[in-house]
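Structure, as structure tokens:
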Amino acid sequence: MGTNIDMTEYDVIVVGAGPIGSTAARYAAMHGARTLMVEDHSFIGSPVGCTGLLSTKAVSECDIEPSDDFVYNSVRGAFVHPMNGECLPIDGKKTKAYVVSRKMFDRRLAVMALEEGVELSLNTRVNDIETSSEKQKISVVRNGQPETIEAKVIIAADGVRSKVAKMAGLGNVSKVLPGIQVEVPYRSDDTDFVELFAGSQVPGFFGWAVPVNENISRVGMAIDPKYGVSAHQVLENLLTQNPHVASRYGGGKLDLVMGGIPLGPLEKTYAKGVLVVGDAAGQVKPTSGGGIYTGAVCAKIAGEMAARASAEEDSSENFLLEYDRRWRGKIGKELAMGMRIHNFIGGLKDSELDELIGSMNNPAILDTITRYGDMDHPSILMKKMLHPSRSVHILKVFRAFAKAVL
Ligand SMILES: Cc1cc2nc3c(=O)[nH]c(=O)nc-3n(C[C@H](O)[C@H](O)[C@H](O)COP(=O)(O)OP(=O)(O)OC[C@H]3O[C@@H](n4cnc5c(N)ncnc54)[C@H](O)[C@@H]3O)c2cc1C
Numbered sequence: 002m003g004t005n006i007d008m009t010e011y012d013v014i015v016v017g018a019g020p021i022g023s024t025a026a027r028y029a030a031m032h033g034a035r036t037l038m039v040e041d042h043s044f045i046g047s048p049v050g051c052t053g054l055l056s057t058k059a060v061s062e063c064d065i066e067p068s069d070d071f072v073y074n075s076v077r078g079a080f081v082h083p084m085n086g087e088c089l090p091i092d093g094k095k096t097k098a099y100v101v102s103r104k105m106f107d108r109r110l111a112v113m114a115l116e117e118g119v120e121l122s123l124n125t126r127v128n129d130i131e132t133s134s135e136k137q138k139i140s141v142v143r144n145g146q147p148e149t150i151e152a153k154v155i156i157a158a159d160g161v162r163s164k165v166a167k168m169a170g171l172g173n174v175s176k177v178l179p180g181i182q183v184e185v186p187y188r189s190d191d192t193d194f195v196e197l198f199a200g201s202q203v204p205g206f207f208g209w210a211v212p213v214n215e216n217i218s219r220v221g222m223a224i225d226p227k228y229g230v231s232a233h234q235v236l237e238n239l240l241t242q243n244p245h246v247a248s249r250y251g252g253g254k255l256d257l258v259m260g261g262i263p264l265g266p267l268e269k270t271y272a273k274g275v276l277v278v279g280d281a282a283g284q285v286k287p288t289s290g291g292g293i294y295t296g297a298v299c300a301k302i303a304g305e306m307a308a309r310a311s312a313e314e315d316s317s318e319n320f321l322l323e324y325d326r327r328w329r330g331k332i333g334k335e336l337a338m339g340m341r342i343h344n345f346i347g348g349l350k351d352s353e354l355d356e357l358i359g360s361m362n363n364p365a366i367l368d369t370i371t372r373y374g375d376m377d378h379p380s381i382l383m384k385k386m387l388h389p390s391r392s393v394h395i396l397k398v399f400r401a402f403a404k405a406v407l
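Be aware that the sequence shown starts at 2, since it is given in this note's numbering, and climbs by one per residue.
Shown next, in the form of structure tokens:
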């Protein structure tokens with residue numbers, strides 16, 4: 002792969018062959034654009050910066066059927082552990098998410114892009130872009146050699162600290178949570194459920210144990226950097242000092258994953274000749290840090306719009322702003338509500354969070370969560386939870402929550 006390519010001129014060039022880059026490239030090619038995808042690394046799908054917990058919707062949004070090639074486990078719910086140790090079991094009653102090999106998942110998406118005619122160049126790093134003339138000039142170092150490629154439109158899918166978005170004058174997402182995770186020997190109580198750890202044990206976000214099988218889980222967390230604590234130390238404490246985790250953790254580490262989770266989308270995701278997508282654009286759910294579903298929704302629009310811009314020979318801001326309008330129309334409100342939920346929960350004391358989580362441990366609420374809980378669209382559940390038919394007590398507990406998020 003990546004040899005014998007005439008690297009001179011393309012309709013669309015996609016920077017970054019992560020899941021979102023591959024999806025954007027595939028859609029550009031499907032809409033008739035001669036498309037090149039360039040990737041800094043000399044391989045697809047690693048190093049992994051992800052837990053690999055993908056909602057059923059995320060997998061289908063990527064146009065893939067779940068298969069043994071990349072799925073290790075399926076989960077249907079979560080055990081939520083607040084600081085007071087009183088576990089809240091949430092049972093979705095059917096498969097809600099898959100635990101996947103991100104390496105194999107990313108490779109599947111890259112293959113699908115190649116099948117649509119996308120050309121792929123590995124070991125190719127974009128160092129500079131020049132977008133002032135009609136065609137965009139992209140300076141790359143490919144296999145150690147500097148080259149210049151021309152394209153009508155650049156799609157920046159180069160991840161959380163996107164160099165391309167910055168060079169296009171769009172900046173980077175301002176809030177990035179450090180995330181860290183280890184794959185460890187871990188005796189899971191029930192591999193159909195993930196475990197979530199909330200409160201000051203993981204300041205500003207949450208921790209997780211995601212079962213790969215009954216003997217191995219991915220234990221990790223993200224924190225808000227404003228608390229000034231070391232992510233490594235918080236993870237170590239979760240593994241060894243949280244009584245629930247410590248009693249299941251077998252000791253040792255099999256794998257270490259680190260990365261940044263962007264919170265809140267860029268104000269503007271287009272510039273003359275450039276579209277920004279995925280983590281590069283901050284298209285990530287602020288409630289969970291998951292970026293595959295939201296990124297895939299936007300990548301399809303980016304691919305289609307880039308192909309249209311190149312067919313119509315119009316890569317002006319005026320033309321490309323439709324991308325920004327369309328993706329915000331699909332997921333903008335959901336991301337904004339997710340941000341309000343993130344800010345509200347992050348501002349609670351442990352005792353308040355314990356009360357909020359405890360108040361959900363009630364058959365009527367759990368039934369509502371089972372019926373309407375959707376990892377990718379928390380607003381659906383929010384509206385059901387805050388319906389006026391709820392008991393006065395529940396509405397009282399949720400009043401502040403409702404005020405903050407709706
Ligand atoms: C700890 C952690 C756990 C997570 N868990 C989940 C989860 O369970 N579920 C979920 O949905 N999401 C999860 N996420 C988020 C998810 O990993 C990202 O949203 C997703 O990988 C974004 O895909 P992307 O294609 O936009 O960017 P990336 O996957 O980051 O891909 C960007 C690509 O661009 C390449 N690149 C960068 N710069 C250049 C350059 N100059 N030239 C050429 N190539 C370049 C990189 O090498 C990389 O391959 C997690 C994130 C973290 C940090």
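Using N, Cα and C, we set each Cβ at its ideal position, and we do this for glycine too.
Mind checking whether the beta-carbon of residue i lies closer than 7 angstroms to any heavy atom of ligand 1?
i: residue 226; result: no
i: residue 262; result: yes
i: residue 127; result: yes
i: residue 54; result: yes
i: residue 29; result: no
i: residue 156; result: no
i: residue 104; result: no
i: residue 51; result: yes
i: residue 119; result: no
i: residue 20; result: yes
i: residue 281; result: yes
i: residue 137; result: no
i: residue 167; result: no
i: residue 292; result: yes
i: residue 87; result: no
i: residue 41; result: yes
i: residue 208; result: no
i: residue 202; result: no
i: residue 159; result: yes
From this set, the options, which residue's C-alpha is nearest residue i's C-alpha?
i: residue 117; options: 253, 265 and 37; result: 37
i: residue 34; options: 13, 40 and 17; result: 13
i: residue 229; options: 267, 274 and 179; result: 179
i: residue 238; options: 201, 147 and 60; result: 201
i: residue 242; options: 84, 322 and 108; result: 84
i: residue 82; options: 371, 168 and 199; result: 199
i: residue 153; options: 375, 273 and 311; result: 311
i: residue 265; options: 128, 370 and 286; result: 286
i: residue 1; options: 346, 39 and 288; result: Here the chain comprises residues numbered 2 to 407, so residue 1 is not present and cannot be evaluated.
i: residue 291; options: 150, 21 and 93; result: 21
i: residue 113; options: 29, 87 and 101; result: 29
i: residue 317; options: 263, 73, 379 and 274; result: 274
What are the residues that DSSP puts in a beta bridge with residue i?
i: residue 176; result: 264
i: residue 28; result: DSSP, once it has assigned bridges, lists no residue as partnering residue 28.
i: residue 99; result: 55 and 75
i: residue 328; result: Note: residue 328 sits in no beta bridge, so no partner.
i: residue 149; result: 140
i: residue 221; result: 182 and 209
i: residue 161; result: Answer is none; residue 161 lacks a bridge partner.
i: residue 256; result: 184
Whole angstroms are fine: how far does the CA of residue j sit from the CA of residue i?
i: residue 31; j: residue 302; result: 12 angstroms
i: residue 261; j: residue 161; result: 7 angstroms
i: residue 208; j: residue 24; result: 29 angstroms
i: residue 233; j: residue 181; result: 7 angstroms
i: residue 219; j: residue 354; result: 24 angstroms
i: residue 195; j: residue 322; result: 39 angstroms
i: residue 4; j: residue 296; result: Because residue 4 sits at a pLDDT of 44, beneath the cut-off of 50, its placement in the model cannot be relied upon, and the point is left open.
i: residue 46; j: residue 257; result: 15 angstroms
i: residue 223; j: residue 51; result: 11 angstroms
i: residue 306; j: residue 155; result: 11 angstroms
i: residue 334; j: residue 300; result: 18 angstroms
Does DSSP classify residue i as helix, strand or coil?
i: residue 82; result: strand
i: residue 369; result: helix
i: residue 127; result: strand
i: residue 284; result: coil
i: residue 204; result: coil
i: residue 361; result: coil
i: residue 171; result: coil
i: residue 16; result: strand
i: residue 295; result: helix
i: residue 5; result: Summary for residue 5: the model assigns pLDDT 43, below 50, so the residue's position carries little reliability, and this model does not support an answer.
i: residue 154; result: strand
i: residue 91; result: strand
i: residue 34; result: coil
i: residue 236; result: helix
i: residue 62; result: helix
i: residue 354; result: helix
i: residue 112; result: helix
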